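Novice: Quick one: structure below, then a few questions.
Protein chains: 2
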Amino acid sequence: MAYAYWKSGKTKDFAVFDLFFRKNPFQGEFTIFAGLEECLKFLKKFHYSASDIEYLKETLPSSLEDEFFEYLKTVSAKDVKLYAMAEGSVAFPRVPLMRIEGPLIIVQLLETTLLTLVNYASLMATNAARYRIAAGSMKLFEFGLRRAQGPDGGLSASKYSYIGGFDGTSNVLAGKLFNIPVKGTHAHAYITSFNDFSELRNVYLEAKDGGPPRDLLELALTWRTNILPLFNVFSLETSEGELAALISFAIAFPDGFMALVDTYEVQRYSTSMNRINSDTFKPRNKYRSGLINFCAVALALNDLGYRAIGIRLDSGDLAYLSNVARHYFTEIAVKYNLSWFENLMIMASNDINEETILSLNEQGHKINCFGIGTHLVTCQRQPALGCVYKMVELNGYPRIKLSQDVGKVTMPGCKDAYRLYSESGHALVDLLQRSVEPPPEVNEKVLCRHPFEESKRAYVIPSRVEKLLNLQWENGEICQELPTLQQIKEKVQMSLKTLRPDIKRNLNPTPFKVAVSDRLYTFLHDLWLKNAPIGELS
Amino acid sequence: MAYAYWKSGKTKDFAVFDLFFRKNPFQGEFTIFAGLEECLKFLKKFHYSASDIEYLKETLPSSLEDEFFEYLKTVSAKDVKLYAMAEGSVAFPRVPLMRIEGPLIIVQLLETTLLTLVNYASLMATNAARYRIAAGSMKLFEFGLRRAQGPDGGLSASKYSYIGGFDGTSNVLAGKLFNIPVKGTHAHAYITSFNDFSELRNVYLEAKDGGPPRDLLELALTWRTNILPLFNVFSLETSEGELAALISFAIAFPDGFMALVDTYEVQRYSTSMNRINSDTFKPRNKYRSGLINFCAVALALNDLGYRAIGIRLDSGDLAYLSNVARHYFTEIAVKYNLSWFENLMIMASNDINEETILSLNEQGHKINCFGIGTHLVTCQRQPALGCVYKMVELNGYPRIKLSQDVGKVTMPGCKDAYRLYSESGHALVDLLQRSVEPPPEVNEKVLCRHPFEESKRAYVIPSRVEKLLNLQWENGEICQELPTLQQIKEKVQMSLKTLRPDIKRNLNPTPFKVAVSDRLYTFLHDLWLKNAPIGELS
Chain E
1 MAYAYWKSGK TKDFAVFDLF FRKNPFQGEF TIFAGLEECL KFLKKFHYSA
51 SDIEYLKETL PSSLEDEFFE YLKTVSAKDV KLYAMAEGSV AFPRVPLMRI
101 EGPLIIVQLL ETTLLTLVNY ASLMATNAAR YRIAAGSMKL FEFGLRRAQG
151 PDGGLSASKY SYIGGFDGTS NVLAGKLFNI PVKGTHAHAY ITSFNDFSEL
201 RNVYLEAKDG GPPRDLLELA LTWRTNILPL FNVFSLETSE GELAALISFA
251 IAFPDGFMAL VDTYEVQRYS TSMNRINSDT FKPRNKYRSG LINFCAVALA
301 LNDLGYRAIG IRLDSGDLAY LSNVARHYFT EIAVKYNLSW FENLMIMASN
351 DINEETILSL NEQGHKINCF GIGTHLVTCQ RQPALGCVYK MVELNGYPRI
401 KLSQDVGKVT MPGCKDAYRL YSESGHALVD LLQRSVEPPP EVNEKVLCRH
451 PFEESKRAYV IPSRVEKLLN LQWENGEICQ ELPTLQQIKE KVQMSLKTLR
501 PDIKRNLNPT PFKVAVSDRL YTFLHDLWLK NAPIGELS
Chain B
1 MAYAYWKSGK TKDFAVFDLF FRKNPFQGEF TIFAGLEECL KFLKKFHYSA
51 SDIEYLKETL PSSLEDEFFE YLKTVSAKDV KLYAMAEGSV AFPRVPLMRI
101 EGPLIIVQLL ETTLLTLVNY ASLMATNAAR YRIAAGSMKL FEFGLRRAQG
151 PDGGLSASKY SYIGGFDGTS NVLAGKLFNI PVKGTHAHAY ITSFNDFSEL
201 RNVYLEAKDG GPPRDLLELA LTWRTNILPL FNVFSLETSE GELAALISFA
251 IAFPDGFMAL VDTYEVQRYS TSMNRINSDT FKPRNKYRSG LINFCAVALA
301 LNDLGYRAIG IRLDSGDLAY LSNVARHYFT EIAVKYNLSW FENLMIMASN
351 DINEETILSL NEQGHKINCF GIGTHLVTCQ RQPALGCVYK MVELNGYPRI
401 KLSQDVGKVT MPGCKDAYRL YSESGHALVD LLQRSVEPPP EVNEKVLCRH
451 PFEESKRAYV IPSRVEKLLN LQWENGEICQ ELPTLQQIKE KVQMSLKTLR
501 PDIKRNLNPT PFKVAVSDRL YTFLHDLWLK NAPIGELS
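Heads up: the protein sequence lines correspond to chains E and B, in order.
One point on numbering: in the UniProt record's numbering, the residue at position 289 of the first sequence is 289, and numbering is uninterrupted.
One point on numbering: in the UniProt record's numbering, the residue at position 474 of the second sequence is 474, and numbering is uninterrupted.
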């Protein structure tokens with residue numbers, strides 16, 4: 001296509017393209033725009049290497065003129081201007097995330113890469129932001145590398161889920177590359193790699209304040225005997241392997257003791273027991289229990305001045321098990337006067353998605369941290385955002401793409417976008433205008449029109465007007481200081497705060513209004529009528 | 001976790017892990033194993049760089065002993081053995097795709113990367129193979145880069161969809177890196193970038209055999225007038241822009257003329273027309289039509305000795321439009337005695353998935369090529385394959401992971417896997433055995449048992465026995481010659497050929513049988529009973 005443009009002498013044609021999406025993902029009513037930094041870095045590097053050109057020469061038909069390849073050698077993004085929303089902004093259908101201006105052939109060559117860099121980044125950040133809303137103040141960690149769509153898919157997932165509201169990742173390379181907090185626990189295999197106490201080559205641990213080493217196993221065994229009645233357990237078939245594994249892990253990470261407790265059983269309960277309120281819960285179990293082993297080791301660590309972090313649940317009824325665990329943590333806290341024990345972290349990590357979190361919230365649970373993998377990183381509910389890249393102007397003349405489907409009609413011409421805010425700081429509407437129009441003004445009445453329904457109009461008097469598309473790239477340079485990952489992450493939360501809660505809710509959210517100015521309305525519809533065929537009935 | 005292993009003195013423990021999945025993707029009954037080459041290349045490179053270790057030192061708790069980081073410097077995969085199926089084989093639940101043996105800590109450090117490299121590769125190859133089955137002999141091109149999960153997700157998609165049965169990709173970098181055929185057409189923007197004939201800076205094209213240049217526009221306009229009656233069109237409101245764009249594209253690619261014909265209208269029909277058999281189809285339309293413009297240009301090219309390739313349809317009722325297009329191609333072929341015109345390529349590319357192809361097949365269509373994007377590359381129907389990596393043996397002792405869910409119980413011990421074939425060459429069953437057992441023999445009766453249902457047993461007398469897991473990596477070296485991409489692609493088709501059609505069908509496919517030997521059955525169940533808790537009713 002580039003060759004055909006070149007061959008047609010269109011290298012100097014000046015085009016304006018909009019990059020936008022038509023529908024919010026995940027049946028929601030908002031999207032987080034992300035990927036801008038990657039786009040700008042791509043523009044910076046954009047060129048065809050000698051080996052690229054060699055490959056193209058071999059691959060394209062031999063009839064192509066050599067001069068074209070000479071031309072390709074000179075190609076760069078220096079004559080391109082890119083306007084974009086701030087990375088981390090909430091964004092809505094039809095409002096351009098980016099406007100790209102420049103020589104037609106160049107702007108067209110950028111298309112696929114810009115789409116690739118924006119589509120998944122924005123999808124991922126939006127997905128993460130939705131989990132963040134569902135999870136409230138709970139901690140969220142991204143655990144998805146093994147299920148991601150390729151190694152780089154995994155890295156992008158870590159980065160953009162952090163931006164969207166996650167607290168960290170288990171992907172250590174992402175931690176290293178992007179300076180994201182890393183968090184991991186051990187796997188079931190760690191527990192099953194121990195059979196019995198004889199495998200513990202060392203059971204001694206120094207006290208935190210430097211006291212003499214003490215036998216952690218012995219301490220834990222004593223604690224286990226002491227707390228058995230509390231768990232209503234009177235005899236215990238030992239699972240030495242599990243306890244041995246936890247002891248060894250505690251010795252390795254005395255200040256970071258976090259244990260997976262469901263390799264065997266979290267806490268066995270008799271079959272007649274009602275799964276009711278944990279306050280009245282009286283298990284009568286005498287089998288091995290990850291929870292008892294964990295508490296025994298955590299109490300032993302406490303004797304040496306260390307505070308355990310918590311447990312991870314990776315199977316079973318997470319609401320129920322978390323209530324059980326919190327119940328015992330509280331009992332121990334009270335009985336031994338260790339108030340921090342009540343607040344031990346309970347992490348859940350079994351195939352969690354947004355709906356699971358919402359359902360857990362409804363059931364009532366005591367989880368305060370989630371590790372989320374597959375559903376998060378692959379965006380299982382909708383694995384692609386449908387951003388498109390459409391020509392809206394060529395050599396100063398507007399372009400419109402018509403379609404039987406009104407939703408697919410493009411907004412012609414070079415446009416600007418403004419977000420109008422109420423006095424209380426809420427976003428009221430996004431307004432598209434022709435770029436030649438003066439921007440809306442604070443405290444002045446602005447007519448906002450539905451782009452397609454003639455009778456739908458509203459006056460808005462904004463208390464604040466935000467220009468959404470700002471120049472980011474010009475003369476071959478990034479022309480705004482790039483925000484840090486942390487700043488983009490904060491931008492997401494600030495931007496979400498300006499949305500009314502009903503727009504953000506999971507079930508039947510209210511659409512945010514996207515309007516056009518009166519002039520753009522007329523411009524659009526005049527052009528539409530001029531270009532649309534008149535049918536013929538017969 | 002690695003530190004805890006190290007600290008516990010477990011660096012020399014010898015572990016065996018299986019990498020396998022529990023359920024075929026896409027509600028199907030087969031999976032294509034892919035990603036092996038990437039895994040082997042990863043093993044080759046596996047180490048921690050100085051900067052990795054620096055990062056880990058900064059990030060992990062300061063209590064970690066320095067010697068551990070010294071140890072990390074020495075880490076490599078040289079003491080690891082990796083057995084795997086041939087890349088491109090069909091594979092089934094529970095049968096290990098790989099068996100990894102070596103020092104516990106090393107084998108554990110490899111886990112996430114091996115899973116990442118196998119999961120998406122196999123998912124993608126399987127998805128592509130399913131499209132291939134649905135599409136029969138039609139051409140399939142991967143067009144998904146812009147919607148892929150990150151740039152590398154896009155590259156992997158191109159590579160593994162080619163392996164799975166696609167004919168090429170629009171991803172030029174994938175073409176360059178993996179030597180995959182590349183294929184692209186122009187976009188709607190190319191058509192809309194032309195307004196009228198005045199923009200054609202050149203309309204002359206030399207004949208293929210070197211004759212004098214002739215005016216392609218003039219030829220096409222003449223042809224368009226000539227063929228109008230054939231299309232039952234008697235007057236034509238000109239859409240100069242579309243014809244100008246097609247002329248310019250034809251001049252750029254006289255031997256590769258492939259046109260997108262639905263920017264405006266493929267072929268307008270009057271509203272009273274029944275959408276019936278294309279033989280009786282009589283449109284009465286007088287508006288601009290991509291199809292008429294395409295045919296005019298294709299016939300003009302023919303005058304100069306060039307053969308057009310075909311059209312692309314990117315919207316509308318694809319079955320219907322393809323029938324219409326083929327109908328006219330045939331009429332022209334007959335009328336002008338150009339038999340090749342009848343066989344012009346009709347490519348469809350609008351949000352195609354496996355179901356669309358099957359539904360088109362049912363409706364009857366004349367498409368012979370698909371360009372497939374989003375659904376293919378993101379594996380929309382199921383965006384992750386759930387491969388897991390489980391310890392099955394440690395220091396010679398079997399390990400079993402129990403679960404309330406029988407499907408999640410692991411097969412303990414070091415095992416081998418065999419595929420038994422019938423005389424006709426069909427795969428009958430995959431048989432798992434303990435590695436200490438002798439392999440099944442050709443023409444000898446083999447008892448195959450269901451792993452969990454005691455009474456389900458069958459005798460099989462195989463005509464061929466294939467050992468599935470073969471040594472691929474030992475002593476720090478790849479120990480089999482790596483097949484080329486082309487050979488892997490062929491392996492997929494050969495391997496699929498050995499499956500009965502009912503296993504491969506889209507609707508309610510029959511599960512392929514995976515069995516265990518009698519010895520493995522007993523071994524598994526003895527270990528299970530020994531390890532499972534006895535409950536207590538009360």
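All residues carry an ideal CB built from backbone N, CA and C; glycine is no exception.
The model shown is predicted, which means the values in this text are computed figures rather than measured ones.
1) Please report how far the alpha carbon of residue 490/E lies from the alpha carbon of residue 171/E, in whole angstroms.
2) Does the Cβ of residue 539/E have 16 or more other Cβ atoms within 10 Å, making it buried, or fewer, making it exposed?
3) Using beta carbons (cut-off 8 Å, strictly below), is residue 530/B in contact with chain E?
4) Within the same chain, show all residues whose beta-carbon is closer than 6 Å to that of residue 194/B, passing over the 5 residues directly before and after it, in chain order.
5) Which one of 416/E, 252/E, 309/E has the shortest CA to CA distance from residue 10/B?
6) Name the one or two DSSP bridge partners that residue 226/B has.
7) Under a CB-based cut-off of 8 Å, is residue 513/B close to chain E?
8) Using the rule of at least 16 other Cβ atoms within 10 Å of the residue's Cβ for burial, across every protein chain shown, is residue 47/B buried or exposed?
9) Verify whether the separation of the beta carbon atoms of residue 370/B and residue 141/B is less than 8 Å.
10) Considering only residues of the same chain and omitting the five flanking positions on each side of residue 272/B, which have a CB-CB separation below 6 Å?
11) For residue 285/B, is the classification buried or exposed, using 16 other Cβ atoms within 10 angstroms of its Cβ as the cut-off for buried?
12) With residue 5/B as the anchor, note down where its alpha helix (DSSP H) starts and where it stops.
13) Quick test of your reading: residue 420/B and residue 440/B, contact by CB under 8 Å. State the CB separation rounded to the nearest angstrom.
14) Taking residue 198/B as the reference, which of 175/E, 468/E, 515/E, 8/E has the closest Cα?
15) Measure from the C-beta of residue 378/B to each C-beta in chain E and report whether the shortest distance is under 8 Å.
16) So with Cβ pairs under 8 Å, would you call residue 25/B a contact of chain E?
17) Determine, using beta carbons only, whether residue 555/B and residue 185/E come nearer to each other than 8 Å.
18) Pull up the CB-CB distance for residue 130/B and residue 354/B, whole angstroms please, since I reckon it's below 8 Å.
19) Taking 6 Å as the limit between beta carbons, can you name the residues of its chain near residue 277/E, skipping five residues before and five after?
20) Does any CB atom of chain B fall closer than 8 Å to the CB of residue 13/E?
21) Please classify residue 458/E as buried or exposed, where buried requires at least 16 other C-beta atoms within 10 Å of its C-beta.
22) Distance, Cα to Cα, residue 281/E vs residue 191/E?
23) Which residues in the same chain as residue 81/E place their Cβ atom closer than 6 Å to its Cβ, once the five residues preceding and following it in sequence are excluded?
24) Which same chain residues, not among the five before or five after residue 504/B, have their C-beta less than 7 Å away from its C-beta?
25) Could you tell me which chain E residues have their CB closer than 7 Å to the CB of residue 3/B, listed as they occur along the chain?
26) Closer than 6 Å by C-beta to residue 145/E: which residues in its own chain qualify, once you throw out the five before and the five after it? Chain order, please.
27) If you follow the beta strand (DSSP E) that residue 96/E is in, where does it begin and where does it stop?
28) Kindly indicate which residue of 150/E, 343/E, 322/E has the alpha-carbon position closest to the one of residue 122/B.
29) If you drop the 5 nearest sequence neighbours on each side, which residues of the same chain put their C-beta closer than 7 Å to that of residue 363/E?
30) Under 8 Å between the Cβ atoms of residue 347/E and residue 307/E?
31) Quick check: residue 22/E and residue 476/E, are their CB atoms within less than 8 Å of each other?
32) Can you tell me whether DSSP reads residue 369/E as helix, strand or coil?
33) Since residue 513/E contacts residue 436/E with CB under 8 Å, what's their CB separation in whole angstroms?
34) Can the beta-carbon of residue 367/B be found closer than 8 Å to that of residue 358/B?
35) Hey, does residue 391/B have any beta-carbon neighbour from chain E nearer than 8 Å?
36) To be precise: take each residue of the stretch 220 to 250 of chain B, compare its Cβ to all Cβ atoms of chain E, and keep it if any distance is under 7 Å. Which residues remain?
Specialist: Walking through what the data contain:
1) Against the first sequence, residue 490/E aligns to sequence position 490. Against the first sequence, residue 171/E aligns to sequence position 171. Distance between the alpha carbons of residue 490/E and residue 171/E is about 21 Å.
2) Lying outside 1 to 538, the shown extent of chain E, residue 539/E is not represented and no answer is given.
3) Here residue 530/B refers to the residue found at position 530 when the second sequence is read from its first residue. Residue 530/B does not count as touching chain E.
4) Within the second sequence, numbered from 1, the residue matching residue 194/B stands at position 194. Excluding positions up to five away in sequence, the list reads 241, 244, 245.
5) By one-based count along the second sequence, residue 10/B stands at place 10. Closest option to residue 10/B, Cα to Cα, is 252/E.
6) Here residue 226/B refers to the residue found at position 226 when the second sequence is read from its first residue. According to DSSP, which records beta bridges pairwise, residue 226/B is partnered with nothing at all.
7) What you label residue 513/B is simply residue 513 of the second sequence in a count that begins at 1. For residue 513/B, the answer is no, since every Cβ of chain E falls outside 8 Å of its Cβ.
8) Translated into the one-based positions of the second sequence, residue 47/B becomes position 47. Burial call: exposed.
9) Taking the first residue of the second sequence as 1, we reach residue 370/B at position 370. Taking the first residue of the second sequence as 1, we reach residue 141/B at position 141. Yes. Within cutoff.
10) Taking the second sequence and counting its residues from 1, one reaches residue 272/B at position 272. No answer about residue 272/B holds up, because its pLDDT of 35 lies below 50 and its placement is not dependable.
11) Counting from one through the second sequence, the residue named residue 285/B turns up at place 285. Low per-residue confidence applies at residue 285/B: pLDDT is 42, beneath 50, and the placement is therefore not dependable enough to give any value.
12) The count along the second sequence starts at 1 and reaches residue 5/B at position 5. 2 to 7 is the span of the alpha helix (DSSP H), which, as asked, contains residue 5/B.
13) Locating residue 420/B in the second sequence gives position 420, where the first residue counts as 1. Locating residue 440/B in the second sequence gives position 440, where the first residue counts as 1. Residue 420/B to residue 440/B, Cβ: 6 Å. Contact.
14) The residue you call residue 198/B lines up with position 198 of the second sequence. Ranking 175/E, 468/E, 515/E, 8/E by Cα distance to residue 198/B puts 8/E first.
15) Locating residue 378/B in the second sequence gives position 378, where the first residue counts as 1. It does: the Cβ of residue 378/B has a partner Cβ on chain E nearer than 8 Å.
16) On the second sequence, position 25 is the one that residue 25/B refers to. False, the Cβ-Cβ gap to chain E never drops below 8 Å.
17) Not covered by the structure: residue 555/B. The range shown for chain B is 1 to 538.
18) On the second sequence, residue 130/B is found 130 positions in, with the first residue counted as 1. On the second sequence, residue 354/B is found 354 positions in, with the first residue counted as 1. 5 Å between Cβ atoms; contact.
19) Numbered from its first residue, the first sequence carries residue 277/E at position 277. Residue confidence for residue 277/E is low, a pLDDT of 42 falling below 50, so the modelled location carries little weight; the figure read from the coordinates is stated next. Nothing meets the Cβ criterion.
20) In the first sequence, residue 13/E corresponds to position 13, counting from 1. Closer than 8 Å to some Cβ of chain B, the Cβ of residue 13/E qualifies, so yes.
21) As a working note, residue 458/E is residue 458 in the first sequence. With fewer than 16 Cβ atoms within 10 Å of its Cβ, residue 458/E is classed as exposed.
22) Here the question's residue 281/E lines up with position 281 in the first sequence. Here the question's residue 191/E lines up with position 191 in the first sequence. Because the pLDDT at residue 281/E is just 43, under 50, the model does not fix this residue reliably, and the point stays unresolved.
23) Locating residue 81/E in the first sequence gives position 81, counting from the first residue. 101, 474, listed in sequence order.
24) On the second sequence, residue 504/B is found 504 positions in, with the first residue counted as 1. Result list for residue 504/B: 30, 133, 496, in chain order.
25) For this step, residue 3/B is matched to residue 3 along the second sequence. Correct list: 252.
26) Looking up residue 145/E in the first sequence gives position 145. Only 154, 171 meet the Cβ criterion.
27) Along the first sequence, read from residue 1 onward, the residue named residue 96/E stands at position 96. Segment: none, residue 96/E is in no beta strand (DSSP E) and carries neither H nor E.
28) For the purposes of this step, residue 122/B is identified with residue 122 of the second sequence, where counting begins at 1. For the residues 150/E, 343/E, 322/E, the minimum Cα distance to residue 122/B belongs to 150/E.
29) Within the first sequence, residue 363/E is the residue found at index 363, counting from 1. So the list reads 319, once near-sequence residues are dropped.
30) The residue labelled residue 347/E in the question sits at position 347 within the first sequence. The residue labelled residue 307/E in the question sits at position 307 within the first sequence. No, Cβ-Cβ distance for residue 347/E and residue 307/E is not below 8 Å.
31) Position 22 of the first sequence holds residue 22/E. Position 476 of the first sequence holds residue 476/E. Not closer than 8 Å, so no.
32) Numbered from 1 along the first sequence, position 369 holds the residue referred to as residue 369/E. Residue 369/E falls in the strand class under three-state DSSP.
33) The residue you call residue 513/E lines up with position 513 of the first sequence. The residue you call residue 436/E lines up with position 436 of the first sequence. Residue 513/E to residue 436/E, Cβ: 23 Å. No contact.
34) On the second sequence, position 367 is the one that residue 367/B refers to. On the second sequence, position 358 is the one that residue 358/B refers to. Contact flag unset, no.
35) Sequence index remark: in the second sequence, residue 391/B carries index 391 (1-based). Yes, contact with chain E.
36) 248, 249
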